[in-house]
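Residue numbers (this note's numbering), protein chains in the order written: chain Y, 71 to 384; chain C, 0 to 504.
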């Protein structure tokens, strides 16, 4: 197992290097000169030249890449061209916000998706199965953007129960923090819960037909124990892998939800940065997101081995 | 606002109201549509940055609701001659770090605007040659040539003073913690989330400011911005799109301020930008005139903007002191347009590729024009792109027509010089007209408004004939506010001046 994890860990470095090259190159394909954006409406040619010189945009691309990656290796992600703040500082402010939102969404997704999947499998072809499938289908097909706006109008504008947007850090006021993030977390978790529900259902259906489940039942164990301890535990292996991938998706996929609820996380930052051609921010955020994503996959591998004892000897 | 019974059991027992402010004065929460750029008056360029800066970084002059220039940190001014402006400063005023606002600080700030790396104010101060200290409270601005427009520049960001002490200490990072003179001081900024200002005690005009704190929040989506206003999470929404204006009007808890801006939206024509060779649309004014006659501006603003914006064929809005109401607004005339096309001898349908910014309103305007001009024989081919891409194409001269707006400047010169003067950086038309340049220079050489207006009349007439830019409409501002907000006096530059603004008791 140690060897397996060692190999997986070693794969992280070339993966991230490749990500850094890709994000740098893809960004160059975006039309539009960043200096033109930064110069605002009064685009004096002298000012444009000065901006290009200062930001090293007048240097060859290879130089620009090595200059950036050299600084990254020293822990410096550069500074935002638009708001003149260090990207490291921006990432440090935004990452906890997105992590909180993603974690809450994930918890909501697990608490809705997994029990619904189990119920649907155990009560196959009954009203409960159809209901769970219906909810799952609705969750999958509802766009986050629309659901977000509808929730704001209903819960905040008409009922006045929760703030419509904004964010308060957990450390500042945990209650206010929960109040500002519960709606976006629900919106984000909603679609994931549907995916988890479908996968749990399918894995449970397979597990419930296995010999060890028949044996457990033959031993006289209660149905509750059979389902939870024997079937679900085995069914969870693919669900955990999927969960880790979905959590990674949550980190990068919260863009629209953060825009709708004005949550100052990664998503909002990257949208603004792309539109303003703020390359260092785009590069920094993508690199950090990729790192977190790769790390989550690594964690999934570890969990996979922990849940499935047969892999421990591998 | 206190949020009532929360939705989830987990939150049911939690009091979700914000902690009561320790200060006696209330706090004001304002939303705009995007985040500000760097909070440095020298390098900042975004409109929203100026909104946030305005109440903490005062200029020497400002504008009142009639767009007349009024002194702020200055006490008075006098033109010694057409190229020498003498400004007297308001006594006993300090920056928010205690540094006195004096002639040395003016010289420092203005020279910083001229020389700082990445300064966005260099163009505004292009005609300035020297700032001289006459005495501690008097400065003399020496200009290259006659330029009365210079005074108007001191009423915008080029006239903002920064604390020399704080600026020297912060260097390039001044924008992260700006220190100026104003009724509010910078408290904190969380990018993409909020900019918070705090009232300073003992400011010379402090009694006129009635909020302890101002929080500016960028909320990108217009529906969400309005939902925040309706839910009481913000007090002022500085950008209500025309399509949502009715919702604000109908809501008894809200009120809508609709007022003229200072800019325009028009169809910019490539007449040789970046030494490109323009096609017939750029070289033959009869084709442009036919296009101009084929469009109905009133219909465009009614269809796309519910009549909120003002149809206008001139570069300044009707409320500008530089607008000439005696000049006619063109009416749609298909017969004359067809005759002009016939005279031009072009083969129909005449294809005009039009570069359009990919926001829904700009695309709708283009589509409405497309159907209108088709009647005359134009085939308008829409090429929609994201804003920065259109900018790049325009900069290279890689376009035929481009619908784009100009946020506007208080003086008419600011709506013309940068856009159409030979060799100007943002002359995307590539317009080269010595007669126009001479008239524009003449108009800035005298402070006599009657003389200036006579010159602008000639300029407007010339532009209506030549049509390097086919002006379409003057955008209006739509500010939505909670009814409790009182005392707001709209100014056409779209700024939020908080002097006199307060909550109803």
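Note that CB positions come from ideal geometry on N, CA and C, so glycine has one too.
| said: Quick check: the segment 162-181 of chain C against the segment 118-128 of chain C, are at least 3 beta-carbon pairs closer than 8 Å? | reply: no
| said: If you measure between the beta carbons of residue 490/C and residue 55/C, is that distance less than 8 Å? | reply: On the second chain, residue 490/C is found 491 positions in, with the first residue counted as 1. On the second chain, residue 55/C is found 56 positions in, with the first residue counted as 1. Going by C-beta atoms, residue 490/C is not nearer than 8 Å to residue 55/C.
| message | Quick check: does the Cβ of residue 214/Y come within less than 7 Å of any heavy atom belonging to the ligand SAM? | response | Questions concerning the ligand SAM fall outside what the structure shown contains, since it holds no ligand whatsoever.
| task | Tell me where the alpha helix (DSSP H) around residue 164/Y begins and ends. | result | Sequence index remark: in the first chain, residue 164/Y carries index 94 (1-based). Run containing residue 164/Y: 157-192, per the alpha helix (DSSP H) assignment.
| query | Shortest alpha-carbon distance to residue 359/Y belongs to which of 87/Y, 144/Y, 165/Y, 154/Y? | reply | The residue given as residue 359/Y occupies position 289 in the first chain. Per the Cα distances, 165/Y.
| DSSP beta-bridge partners for residue 381/C? | The residue labelled residue 381/C in the question sits at position 382 within the second chain. In DSSP, residue 381/C forms a bridge with 353/C.
| query | In this structure, does DSSP put residue 164/C in helix, strand or coil? | reply | Residue 164/C sits at position 165 when you count from the first residue of the second chain. Helix.
| Residue range of the alpha helix (DSSP H) that includes residue 363/Y | Looking up residue 363/Y in the first chain gives position 293. Residue 363/Y -> alpha helix (DSSP H) spans 349-377.
| field | Neighbouring residues, chain Y, relative to residue 220/C (Cβ below 7 Å) | value | To locate residue 220/C, count along the second chain from 1; it is residue 221. Within chain Y, the residues near residue 220/C are 329, 330.
| request: My understanding is that residue 206/Y touches residue 303/Y, with C-beta atoms under 8 Å, so please give their C-beta distance in whole angstroms. | output: For the purposes of this step, residue 206/Y is identified with residue 136 of the first chain, where counting begins at 1. For the purposes of this step, residue 303/Y is identified with residue 233 of the first chain, where counting begins at 1. Their Cβ separation, rounded to whole angstroms, is 22 Å, which puts residue 206/Y and residue 303/Y out of contact at 8 Å.
| query | Based on Cα-Cα distance, which residue from 228/C, 385/C, 460/C lies nearest to residue 235/Y? | reply | Here residue 235/Y refers to the residue found at position 165 of the first chain. Of the candidates 228/C, 385/C, 460/C, the one whose C-alpha sits nearest the C-alpha of residue 235/Y is 228/C.
| field | Extent of the continuous alpha helix (DSSP H) to which residue 338/Y belongs | value | Stepping through the first chain from its first residue, residue 338/Y is reached at position 268. That run of the alpha helix (DSSP H) goes 336-345.
| said: Spatial neighbours of residue 337/C within its chain, please: C-beta separation below 8 Å, excluding the five flanking residues on both sides. | reply: Taking the second chain and counting its residues from 1, one reaches residue 337/C at position 338. Here the set comprises 289, 375, 376.
| request: For residue 237/Y, go through chain C and note every residue whose CB falls closer than 8 Å to its CB, in chain order. | output: For the purposes of this step, residue 237/Y is taken as residue 167 along the first chain, with counting starting at 1. What residue 237/Y touches in chain C: 192.
| request: Grab the span of the beta strand (DSSP E) containing residue 31/C for me, first residue to last. | output: Counted from its first residue, the second chain places residue 31/C at position 32. Counting along the chain, the beta strand (DSSP E) containing residue 31/C begins and ends at 26-31.
| Residues, ordered as in the chain, of the segment 216-228 of chain Y that lie near chain C by beta-carbon distance below 7 Å | 219, 222, 223, 225, 226, 227
| message | Please report whether the beta-carbon of residue 120/Y lies at a distance below 8 Å from any beta-carbon of chain C. | response | Stepping through the first chain from its first residue, residue 120/Y is reached at position 50. At least one chain C Cβ lies under 8 Å of residue 120/Y.
| How would you list, in chain order, the residues of chain Y whose beta-carbon sits under 7 Å from the beta-carbon of residue 229/C? | In the second chain, counting from the first residue as 1, residue 229/C sits at position 230. Ordered by position in chain Y, the residues that pass the 7 Å Cβ test against residue 229/C are 227.
| query | Hey, residue 255/C and residue 221/C: beta-carbon distance below 8 Å or not? | reply | The residue given as residue 255/C occupies position 256 in the second chain. The residue given as residue 221/C occupies position 222 in the second chain. No; because the gap between Cβ atoms is not below 8 Å, this pair is not in contact.
| said: Between 184/C, 329/C, 233/C, 470/C, which has its C-alpha nearest residue 201/C's C-alpha? | reply: The count along the second chain starts at 1 and reaches residue 201/C at position 202. Ranking 184/C, 329/C, 233/C, 470/C by Cα distance to residue 201/C puts 184/C first.
| task | Note down, one range per segment and in chain order, each alpha helix (DSSP H) of at least 4 residues found wholly within the segment 168-224 of chain C. | result | none
| Cβ-Cβ separation, residue 341/Y to residue 161/Y (assumed contact under 8 Å), whole Å | Along the first chain, read from residue 1 onward, the residue named residue 161/Y stands at position 91. Along the first chain, read from residue 1 onward, the residue named residue 341/Y stands at position 271. Going by Cβ atoms, the distance from residue 161/Y to residue 341/Y rounds to 15 Å, so no, they are not a contact pair.
| task | With a 10 Å radius around its C-beta and 16 neighbouring C-beta atoms as the bar for buried, classify residue 76/Y as buried or exposed. | result | Here residue 76/Y corresponds to residue number 6 of the first chain, with the count starting at 1. It counts as exposed.
| query | Is there a Cβ from chain Y that is less than 8 Å from the Cβ of residue 44/C? | reply | Residue mapping note: residue 44/C aligns to position 45 of the second chain, counting from 1. So, interface residue.
| request: Below 8 Å on the Cβ atoms is my guess for residue 260/C versus residue 493/C; work out the distance and round it to an integer in Å. | output: Locating residue 260/C in the second chain gives position 261, where the first residue counts as 1. Locating residue 493/C in the second chain gives position 494, where the first residue counts as 1. Indeed, because the Cβ distance is near 6 Å, the residues count as touching under 8 Å.
| message | For residue 266/C, which residues in the same chain have their Cβ closer than 6 Å to its Cβ, ignoring the five residues on either side in sequence? | response | In the second chain, the residue the question calls residue 266/C occupies position 267. Excluding residues within five positions, the ones whose Cβ falls inside 6 Å are 400, 402, 469.
| field | the segment 351-364 of chain C / the segment 389-398 of chain C touching (three or more Cβ pairs under 8 Å) | value | yes
| task | Figure out for me which residue from 197/C, 191/C, 190/C has the closest Cα to the Cα of residue 179/C. | result | As a working mapping, residue 179/C is identified with position 180 in the second chain. When each option's Cα is compared against that of residue 179/C, the closest is 197/C.
| Can you name the start and end residues of the beta strand (DSSP E) that residue 70/C belongs to? | Taking the first residue of the second chain as 1, we reach residue 70/C at position 71. Its beta strand (DSSP E) spans residues 68-70.
| request: Could you pull the start and end residues of the alpha helix (DSSP H) that residue 123/Y belongs to? | output: Taking the first chain and counting its residues from 1, one reaches residue 123/Y at position 53. Taken as a continuous stretch (DSSP letters only), the alpha helix (DSSP H) holding residue 123/Y covers 115-124.
| query | Should residue 200/Y be labelled buried (16 or more other beta-carbon atoms within 10 Å of its own) or exposed? | reply | Residue numbering aside, residue 200/Y sits at position 130 when the first chain is read from its first letter. Classification for residue 200/Y: exposed.
| CA-to-CA distance, residue 251/Y to residue 14/C, given in whole angstroms | Taking the second chain and counting its residues from 1, the one referred to as residue 14/C is at position 15. Taking the first chain and counting its residues from 1, the one referred to as residue 251/Y is at position 181. Because residue 14/C carries a pLDDT of 40, less than 50, the predicted location of this residue cannot be relied on, and no value is offered for it.
| Are any of the Cβ atoms in chain C nearer than 8 Å to that of residue 97/Y? | Here residue 97/Y refers to the residue found at position 27 of the first chain. It does not: the Cβ of residue 97/Y has no partner Cβ on chain C nearer than 8 Å.
| task | Tell me where the alpha helix (DSSP H) around residue 417/C begins and ends. | result | Here residue 417/C refers to the residue found at position 418 of the second chain. Run containing residue 417/C: 416-419, per the alpha helix (DSSP H) assignment.
| Within the 8 Å Cβ cut-off, does residue 126/Y reach chain C? | Position 56 of the first chain holds residue 126/Y. No, no contact with chain C.
| request: Along the alpha helix (DSSP H) that carries residue 41/C, what are the first and last residues, could you check? | output: Counted from its first residue, the second chain places residue 41/C at position 42. Counting along the chain, residue 41/C falls outside any alpha helix (DSSP H), and DSSP gives it neither H nor E.
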